[in-house]
Amino acid sequence: MADDNSARRDSSHRDSIRRQSMIRSRRQSSLNSIPRSFDRRLIRYENTYRMEPDQDRKIDIGKVKRIAQMVLDSAVKDYVYDAQNAKLLVGRLSDQIRNQMKQLPANRFKFITHVSLGQKKHQDLRVTSRCLWDVKWDRHITVSKEGKDFYVTATIFCVYSD
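Letter by letter, the sequence shown follows residues 1 to 162 of the UniProt record's numbering.
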C-alpha cells in the first residue's frame, strides 16, 4: 500500500514537471514570434498631485444642466411608454448625456449618469443618493421630463479626479 502511494506521488510529480516545461516552451515560442524590431516603450506619466482644477477648467454646472435637459427633451419628445423599449431608451439616454459631457472642456472630471424612466400610474417615487466627495469641486444636477404616460429623470454627477 505504501509503495502504491509513493508511486502515485512520483507519477504526479513527474506530470507536474512535464506540464511546467510545456508551459515554458509555449511561452518562449510565443515570445519568439514577436519581431525584434517591435518597440515596446512604456510611457510613464508623473503624477501632478493637483488637488483642484485649473481656474479655466472648472465645471459650468449651468451648461451641464442645459445639455442634459436638451438631450432629454429631444429624445422623449414623441415617446409613448412601452416597457420593452424603456430599457433601451434609458441606456441610450445615459450614453448620449455622457457623450455630450465629454465634449465639455473639463479635464480631470468624471461624469456619472443615472437615468430613470417609468410609467405614470398614480404612484410615488423617491430617489436618494449618497456621495463622499469634495464639496468645493464635485457637483451634481438632476433634470426631468414628464410625458402623458411616463416620467424620466436624469442625474449627472461631475466628480473631480486627480
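We treat Cβ as the ideally placed atom computed from N, Cα and C, and that holds for glycine.
- Going by DSSP, V115 is part of the beta strand (DSSP E) stretching over 109-119.
- For I97, the enclosing alpha helix (DSSP H) stretches over residues 83-102.
- Here DSSP, grouped into helix, strand and coil, assigns R44 to coil.
- Nearest to W137 by alpha-carbon distance, out of Y49, T48, P53, is P53.
- Counting C-beta pairs closer than 8 angstroms gives fewer than three between the segment 97-104 and the segment 116-123, which falls short of the contact rule.
- Straight-line spacing of the CA atoms in L93 and L72 works out to 7 angstroms.
- Per DSSP, R139 is one residue of the beta strand (DSSP E) stretching across 139-146.
- Annotation for A154: the continuous beta strand (DSSP E) segment containing it runs 150-160.
- Going by beta carbons, Y81 and F150 fall inside the 7 angstroms limit.
- When only Cα atoms are considered, K148 and A75 end up about 15 angstroms apart.
- Here M70 carries a helix assignment [DSSP, helix/strand/coil].
- Listed in chain order, the non-local C-beta contacts of Y49 below 8 angstroms within the same chain comprise D162, local neighbours out to five positions each way being set aside.
- Remark: C-beta atoms of V90 and V115 approach each other more closely than 7 angstroms.
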